[in-house]
């Protein structure tokens, strides 16, 4: 366990500390900009939506943003999981050290998950705070919303990592492996885009925010449990969401460690 924490700590430090000062500043700057952009998007769109509706409809905003955060984690995870989990260049160096394969694998997964948490938190936590202030929510809302957020990235991280694993295995050992990975990533993006276009044309009623939430809630059911439970002050739906998310993540970790 000590080795696991050591590897994880070193890898987190390596994200920002490179071989020279210029590269370190570039990496730190890129991550900082990414976090600030995500925070800006969450604040801007939630504030814009709040300003265009009556107070009794405020609850539709954090619900929508929970769905958006889930999709963002999935999309970003799909694009970055291949490099962070399956294409890392320091594997041979780590294997030459007194670390077990499981310690290396779990540390890589921990760093990847924490990175997704950072971006998701930058986007979604300001939404929770802004909504709580504008709607005059009590302490229970903040406790449930923030505690449930801990589990929000688990399912999209697991699913995006499985897709990254499939992309890596599909291209492994192939002559044009980079081309295969890039084409697969483009096809995935087109599939997501086609799905969003289908959603837009499927029903004219989706122009209403409540109907959009109803549609997304039918697709992203666990996120719906989480946000409805937090908004209504109901602990059981949030517990159910947390249990399901943790179970999916644990199953993925087991599968990832065996692969």
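Numbering (the working numbering), first residue to last: 226 to 484.
All residues carry an ideal CB built from backbone N, CA and C; glycine is no exception.
Since the structure is predicted, the reported quantities are computational estimates derived from the model, not experimental observations.
Per DSSP, the unbroken alpha helix (DSSP H) holding residue 366 starts and ends at 364 to 374.
The region 438 to 453 and the region 371 to 379 touch, with three or more beta-carbon pairs separated by less than 8 Å. For residue 282, there is no enclosing alpha helix (DSSP H), since its DSSP letter is neither H nor E. Here residue 391 carries a helix assignment [DSSP, helix/strand/coil].
In the three-state reduction of the DSSP assignment, residue 445 falls in the coil class. With fewer than 16 other Cβ atoms from the protein chains shown falling within 10 Å of its own Cβ, residue 358 counts as exposed.
Following the DSSP letters along the chain, one finds residue 470 inside the alpha helix (DSSP H) bounded by residues 460 to 483. Closest option to residue 337, judged by alpha-carbon separation, among 437, 302, 467: 302. Assignment of residue 384 by DSSP, reduced to helix, strand and coil, places it in the helix class. Taking the Cα of residue 266 as reference, the smallest distance to any Cα among 331, 280, 352, 334 is reached at 352. Around the CB of residue 389, 16 or more other CB atoms lie within 10 Å, so the residue is classed as buried. Taking C-beta atoms as the reference points, residue 294 and residue 348 count as a pair closer than 7 Å.
Residue 289 sits away from residue 436, with the two beta carbons spaced by 7 Å or more. With contacts defined by Cβ atoms closer than 7 Å, residue 467 and residue 330 do not form a contacting pair.
Between residue 479 and residue 332, the alpha-carbon positions lie close to 14 Å from each other. When the alpha-carbon of residue 385 is set against those of 271, 304, 472, the nearest one is in 304.
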